[in-house]
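Peer 1:
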Amino acid sequence: LYKKGRVIFATPQTIENDLKNNILDFKEFILLIIDEAHKSIGNYAYTYIASKYMKEAQKPTILALTASPGGKTKKIEEIKNNLFIEQIEIRTEYDEDIKKYIQERKLIIVEVKLSDEYKTAKKILDKIISDKTEYLVKIGALPTKKISKKLLLEFQNFYFAKAKETKRKEMFFAISKISELIKLDYCLELLETQGAKQLTEYIKKLSSEGTKASKSIFSNYNFREFIKKIANLKEHPKLTKLKEIVEKEKDNIIIFTQYRSTVEEIKRKLSEIEGIKIGILVGQKEGLKQKIQIQTIKDFEEGRYNVLIATSIGEEGLDIKNVKTAIFYEPVPSEIRQIQRRGRVARLSKGKVHILLTKDTKDEIYYWSAYHKEKKMKRILNNKNGVGKTLSCYLIAKKLGYNLYEINASDYRDAESLKKVLEIAKQKSLFGNKRIILIDEIDGLSTQDKGATKEIIKIFKESKTPILLTANDAYAQKLKTLRNYCKLVQFNKLNYLSIEKFIKKICDAENIKYKEISLKSIAQRANGDMRAAILDLESIVINNRLIDTSLIDSRDFEENIFNSVRLILKTKKITTAKDVIRNLDRTPEDFFWWIEENVVREYKNNDLIRAIDYLSFADIIRNRITKRQDWSMLRYYIDFISIGVALSKKETYKRYTPYGFPKYIRMRVGVEEPKEIISELGEKMHCSKKVVREELPYIKQFLDEKENQ
21 LYKKGRVIFA TPQTIENDLK NNILDFKEFI LLIIDEAHKS IGNYAYTYIA
71 SKYMKEAQKP TILALTASPG GKTKKIEEIK NNLFIEQIEI RTEYDEDIKK
121 YIQERKLIIV EVKLSDEYKT AKKILDKIIS DKTEYLVKIG ALPTKKISKK
171 LLLEFQNFYF AKAKETKRKE MFFAISKISE LIKLDYCLEL LETQGAKQLT
221 EYIKKLSSEG TKASKSIFSN YNFREFIKKI ANLKEHPKLT KLKEIVEKEK
271 DNIIIFTQYR STVEEIKRKL SEIEGIKIGI LVGQKEGLKQ KIQIQTIKDF
321 EEGRYNVLIA TSIGEEGLDI KNVKTAIFYE PVPSEIRQIQ RRGRVARLSK
371 GKVHILLTKD TKDEIYYWSA YHKEKKMKRI LNNKNGVGKT LSCYLIAKKL
421 GYNLYEINAS DYRDAESLKK VLEIAKQKSL FGNKRIILID EIDGLSTQDK
471 GATKEIIKIF KESKTPILLT ANDAYAQKLK TLRNYCKLVQ FNKLNYLSIE
521 KFIKKICDAE NIKYKEISLK SIAQRANGDM RAAILDLESI VINNRLIDTS
571 LIDSRDFEEN IFNSVRLILK TKKITTAKDV IRNLDRTPED FFWWIEENVV
621 REYKNNDLIR AIDYLSFADI IRNRITKRQD WSMLRYYIDF ISIGVALSKK
671 ETYKRYTPYG FPKYIRMRVG VEEPKEIISE LGEKMHCSKK VVREELPYIK
721 QFLDEKENQ
């Protein structure tokens with residue numbers, strides 16, 4: 021087959037197996053196309069295939085396709101590295117070459133309210149969860165009463181690791197108690213989003229587990245009362261609403277749900293509608309063999325079924341052309357799954373997507389979680405920091421013999437101030453040279469003042485002076501009107517290999533000694549930003565030598581430490597400050613030093629005094645935590661360095677302030693020697709580690725001075 025065919029279509033697992041069994045050789049292949057490239061993480065088959073292809077193919081070329089790469093920079097970077105991607109091409113529904121193929125897809129949010137009986141049962145379960153959470157916060161096992169599945173799993177894994185290391189009873193106790201919360205949280209999710217039947221099935225399964233956690237749950241009086249309450253509950257109100265939508269839409273409907281038991285409930289309910297023929301598409305683990313899956317899809321395409329109920333197996337890879345309506349029985353928190361679900365509808369003609377959403381429940385949390393992750397994904401992919409936009413504008417002006425007049429949009433937040441500066445910019449210079457107006461960072465325009473956009477459009481229409489705009493996110497909603505008046509020129513983020521090559525030239529030209537791995541590290545951390553890579557290189561070169569690259573922070577433009585600090589120092593909202601801490605990928609102690617270093621750059625006068633007071637209180641609490649090992653105080657420490665500092669300011673600081681790397685951390689990283697070297701020196705010199713650490717630097721300095729004399 022591989023020798024006869026010019027184009028081979030196969031699953032990644034088939035290709036992986038054939039490579040491992042030496043059935044397939046990549047030497048003769050010139051192109052590898054990877055569909056659904058977002059799967060190329062971890063040990064998935066695509067990763068192995070791409071690596072093998074790059075090693076064996078004589079002229080390797082990889083084309084990777086995905087509609088949903090994910091909402092985290094680290095994940096996108098992992099996909100790029102695993103597939104050896106050097107350039108990203110992004111297409112959206114706004115692009116001219118795509119518009120004609122995009123069908124209108126109407127999104128309809130269908131809100132459903134829980135019945136009073138459901139609310140009463142929910143209230144009991146909420147109280148059980150709240151009591152158990154409060155207890156764990158009180159003993160210091162959890163940092164906050166506001167729990168999520170992600171937080172619980174993170175802390176459970178933390179205590180698993182500690183238990184393995186220390187064998188302490190307290191760790192096993194914490195694991196068991198957090199496990200209770202995870203199970204109860206799942207009960208709450210089923211009650212709120214699925215229904216009493218699915219919840220009852222899970223509770224039966226829980227009762228037969230026999231674990232400490234499940235026994236503790238059933239020994240709780242309130243939980244036994246809760247079981248009595250749900251025994252009398254009727255079906256979830258979503259089912260009634262779902263039936264109404266199906267009766268209205270009638271044909272070519274695909275319904276998505278997460279749970280196999282819910283599939284059966286939906287089928288039972290929809291069977292009450294005359295003329296509805298239902299097909300079910302679930303995974304092999306859920307009892308449906310592959311042959312039956314294929315036949316079900318075929319029957320749906322050919323009209324033998326007019327409704328298809330599917331679990332996650334139907335979310336991606338299916339090209340069913342006649343689907344006019346998709347119904348999500350529940351929102352999913354994953355932006356990838358949300359995009360993939362939507363992609364099953366309106367492929368050839370207009371379509372609708374209905375999302376059933378139970379008010380004031382996890383449904384709302386999951387919907388908005390996926391919504392914001394998807395927006396963030398687009399921002400990451402469109403981020404064009406440090407790729408030479410502004411420099412290119414200056415080079416264009418120079419080549420054409422124009423003077424360039426630069427305006428930063430974020431400095432002129434209202435129409436009036438922008439109008440004045442644009443009027444000046446339009447005028448010819450004293451020497452009669454023509455001008456080009458550059459409005460830099462146009463996406464920095466405030467959404468509060470619509471007049472600024474109107475003023476720019478007015479200048480477009482009236483002025484003969486050429487105008488250039490730059491933006492990091494040209495597809496931001498607030499730029500929608502401006503886009504209609506502009507020709508878009510896209511700058512792709514630089515590949516790390518290009519950055520590595522360039523900074524290597526700098527090192528060679530400046531006679532800087534370096535290791536290849538250090539340059540690669542700088543290039544990868546820069547996240548496509550050449551300017552950032554050069555600044556990082558500059559910051560870690562001492563005496564013409566490249567020092568530890570661990571001093572450089574990975575530049576995740578959406579969640580990096582600089583943005584976290586900026587949010588704390590700019591906001592006056594408690595919720596924003598809490599969100600920063602919740603999403604922070606740093607230790608609270610590290611974040612303390614980042615705030616301490618930069619608050620003096622941002623705040624003035626009494627605002628600064630109040631902020632320093634909060635940091636002083638935090639420092640006192642940190643010392644108490646360290647001495648007493650009382651981690652229940654950690655939440656106060658975190659609140660002081662986040663909410664305390666954020667709310668200590670009365671003024672609003674709109675100006676852009678450049679932030680710096682904390683001197684304390686830089687000093688700490690710079691002077692810490694490897695433990696094994698200190699131990700070895702202590703043994704050789706017959707002295708303690710403390711003496712080696714504290715006294716030797718002075719001796720070294722003394723000897724260096726003597727040598728220089």
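For reference, each letter of the sequence shown is one residue, going 21 to 729 in our numbering.
Cβ atoms here follow ideal geometry from the backbone N, Cα and C, with glycine treated the same way.
Owing to the predicted nature of the structure, the values given are computational and were not obtained by experimental measurement.
(1) Taking its Cβ as the centre, do 16 or more other Cβ atoms sit within 10 Å of Gly548, making it buried, or is it exposed?
(2) Based on Cα-Cα distance, which residue from Ile333, Ile312, Asp271, Lys309 lies nearest to Thr277?
(3) Look up Thr378 in the DSSP assignment and give the residues it is bridged to.
(4) Can you tell me the Cα-Cα spacing of Leu557 and Lys189, whole angstroms?
(5) Which ranges does the alpha helix (DSSP H) cover as unbroken runs of at least 4 residues, wholly within the region 71 to 137, from first to last along the chain?
(6) Closest to Leu730 by C-alpha separation, out of Gly471, Ile479, Asn272, would be which residue?
(7) Do Lys592 and Leu499 have their C-beta atoms within less than 8 Å of each other?
(8) Looking only at its chain, what residues have a beta carbon closer than 7 Å to the beta carbon of Trp614, apart from the 5 residues adjacent to it on each side?
(9) Any idea what DSSP makes of Leu301, helix, strand or coil?
(10) Is the separation between the beta-carbon of Gly91 and that of Glu394 shorter than 8 Å?
(11) Can you tell me which residues form a DSSP beta bridge with Arg455?
(12) What are the start and end residues of the alpha helix (DSSP H) that includes Leu210?
(13) Nearest CA to the CA of Lys169: which residue from Ile202, Pro163, Glu185, Lys624?
(14) Using only alpha-carbon positions, find the residue among Met74, Ile53, Ser60 that is nearest to Phe46.
(15) Could you tell me the distance, in whole angstroms, from the CA atom of Leu732 to the CA atom of Asn177?
(16) Are the Cβ atoms of Ala491 and Ile462 separated by less than 8 Å?
(17) Would you kindly work out how many angstroms separate the C-alpha atoms of Glu264 and Lys139, rounded to a whole number?
(18) Between Ile314, Ser354, Tyr679, Lys142, which has its C-alpha nearest Lys249's C-alpha?
(19) So Leu52 and Ala70 are supposed to be a Cβ contact under 8 Å. How far apart are they, rounded?
(20) Using three-state DSSP, classify Lys674 as helix, strand or coil.
(21) How is Thr164 classed by DSSP in three states: helix, strand or coil?
(22) Looking at C-beta atoms only, is the number of pairs between the region 309 to 318 and the region 255 to 262 that lie closer than 8 Å three or more?
(23) Let me know the secondary structure DSSP gives Thr345 once reduced to three states.
(24) Among the residues of its own chain, which have a CB less than 7 Å from the CB of Glu693, if the five just before and after it don't count?
(25) So, are the CB atoms of Leu368 and Gln123 less than 8 Å apart?
(26) Look at the alpha carbon of Glu579 and the alpha carbon of Tyr241, and state the distance between them as a whole number of angstroms.
(27) Taking only three categories from DSSP, how would you classify Phe681?
(28) Taking all protein chains shown into account, decide if Glu616 is buried (16 or more other Cβ within 10 angstroms of its Cβ) or exposed.
(29) In the structure shown, what three-state DSSP assignment does Lys726 receive?
(30) Specify the secondary structure class of Gly371 as computed by DSSP and reduced to three states.
(31) Phe637 by DSSP, collapsed to three states: which one?
(32) Report yes or no: do three or more beta-carbon pairs, one from the region 410 to 427 and one from the region 159 to 174, lie closer than 8 Å?
(33) Span of the beta strand (DSSP E) holding Ile273?
(34) Exposed or buried, what is Ile43 when buried is set at 16 or more other beta-carbons lying within 10 Å of its beta-carbon?
(35) Could you tell me whether the region 296 to 310 touches the region 225 to 239, where touching means 3 or more Cβ pairs closer than 8 Å?
(36) Do Glu269 and Thr345 count as a contact pair if the criterion is CB distance below 8 Å?
Peer 2: Put simply:
(1) Along the sequence shown, read from residue 1 onward, the residue named residue 548 stands at position 528. By the neighbour-count rule (16 or more Cβ atoms within 10 Å), Gly548 is buried.
(2) As a working mapping, residue 277 is identified with position 257 in the sequence shown. For Thr277, the nearest C-alpha among the options comes from Ile333.
(3) Taking the first residue of the sequence shown as position 1, residue 378 is located at position 358. The partner list for Thr378 (beta bridge, DSSP) reads Val132.
(4) Here the question's residue 557 lines up with position 537 in the sequence shown. Here the question's residue 189 lines up with position 169 in the sequence shown. Near 47 Å, if we compare the C-alpha coordinates of Lys189 and Leu557.
(5) 93 to 102, 116 to 119
(6) Residue 730 cannot be examined here, being either before or after the span of the chain that is shown, 21 to 729.
(7) Taking the first residue of the sequence shown as position 1, residue 592 is located at position 572. Taking the first residue of the sequence shown as position 1, residue 499 is located at position 479. Result no, Cβ atoms of Lys592 and Leu499 do not sit closer than 8 Å.
(8) Taking the first residue of the sequence shown as position 1, residue 614 is located at position 594. Around Trp614: Ile581, Val585, Pro682.
(9) Position 281 of the sequence shown, counted from the first residue, corresponds to residue 301. Correct three-state label for Leu301: strand.
(10) As a working note, residue 91 is residue 71 in the sequence shown. As a working note, residue 394 is residue 374 in the sequence shown. Contact flag set, yes.
(11) Position 435 of the sequence shown, counted from the start, is the residue given in the question as residue 455. BP columns for Arg455 point to Asn423.
(12) In the sequence shown, counting from the first residue as 1, residue 210 sits at position 190. Where Leu210 is concerned, the enclosing alpha helix (DSSP H) stretches over 189 to 213.
(13) The count along the sequence shown starts at 1 and reaches residue 169 at position 149. With distances taken between Cα atoms, Lys169 lies closest to Ile202.
(14) Here the question's residue 46 lines up with position 26 in the sequence shown. For the residues Met74, Ile53, Ser60, the minimum Cα distance to Phe46 belongs to Met74.
(15) It is not possible to answer for residue 732, since the shown part of the chain is limited to 21 through 729.
(16) Taking the first residue of the sequence shown as position 1, residue 491 is located at position 471. Taking the first residue of the sequence shown as position 1, residue 462 is located at position 442. The answer is yes: Cβ separation under 8 Å.
(17) Here residue 264 refers to the residue found at position 244 of the sequence shown. Here residue 139 refers to the residue found at position 119 of the sequence shown. The straight-line gap from Cα to Cα measures roughly 23 Å.
(18) As a working note, residue 249 is residue 229 in the sequence shown. The candidate whose alpha carbon is nearest that of Lys249 is Lys142.
(19) Walking along the sequence shown from the start, residue 52 turns up at place 32. Walking along the sequence shown from the start, residue 70 turns up at place 50. Indeed, because the Cβ distance is near 7 Å, the residues count as touching under 8 Å.
(20) For the purposes of this step, residue 674 is taken as residue 654 along the sequence shown, with counting starting at 1. In this structure, Lys674 counts as coil in the three-state DSSP scheme.
(21) Looking up residue 164 in the sequence shown gives position 144. If DSSP states are grouped into helix, strand and coil, Thr164 belongs with coil.
(22) no
(23) Residue numbering aside, residue 345 sits at position 325 when the sequence shown is read from its first letter. Three-state result, Thr345: strand.
(24) Your numbering for residue 693 matches position 673 in the sequence shown. Only weak support exists for where Glu693 lies, its pLDDT of 43 falling under 50; the coordinates are left without a value.
(25) Here residue 368 refers to the residue found at position 348 of the sequence shown. Here residue 123 refers to the residue found at position 103 of the sequence shown. Result yes, Cβ atoms of Leu368 and Gln123 sit closer than 8 Å.
(26) Taking the sequence shown and counting its residues from 1, one reaches residue 579 at position 559. Taking the sequence shown and counting its residues from 1, one reaches residue 241 at position 221. Low per-residue confidence applies at Glu579: pLDDT is 42, beneath 50, and the placement is therefore not dependable, though the value from the model is reported in the following sentence. Rounded to whole angstroms, Glu579 to Tyr241 spans 43 Å at the Cα level.
(27) Translated into positions along the sequence shown, residue 681 becomes position 661. If DSSP states are grouped into helix, strand and coil, Phe681 belongs with coil.
(28) For the purposes of this step, residue 616 is identified with residue 596 of the sequence shown, where counting begins at 1. Buried.
(29) What you label residue 726 is simply residue 706 of the sequence shown in a count that begins at 1. Low confidence applies here, because Lys726 scores a pLDDT of 48, under 50, leaving its location unreliable; read the following figure in that light. Correct three-state label for Lys726: helix.
(30) Residue 371 sits at position 351 when you count from the first residue of the sequence shown. Strand at Gly371.
(31) Counting from one through the sequence shown, the residue named residue 637 turns up at place 617. Of the three classes helix, strand and coil, the one that applies to Phe637 here is helix, per DSSP.
(32) no
(33) Position 253 of the sequence shown, counted from the first residue, corresponds to residue 273. That run of the beta strand (DSSP E) goes 273 to 276.
(34) Translated into the one-based positions of the sequence shown, residue 43 becomes position 23. It is exposed - the Cβ of Ile43 has fewer than 16 other Cβ atoms within 10 Å.
(35) no
(36) Working through the sequence shown from its first residue, we reach residue 345 at position 325. Working through the sequence shown from its first residue, we reach residue 269 at position 249. Yes, they are a contact pair.
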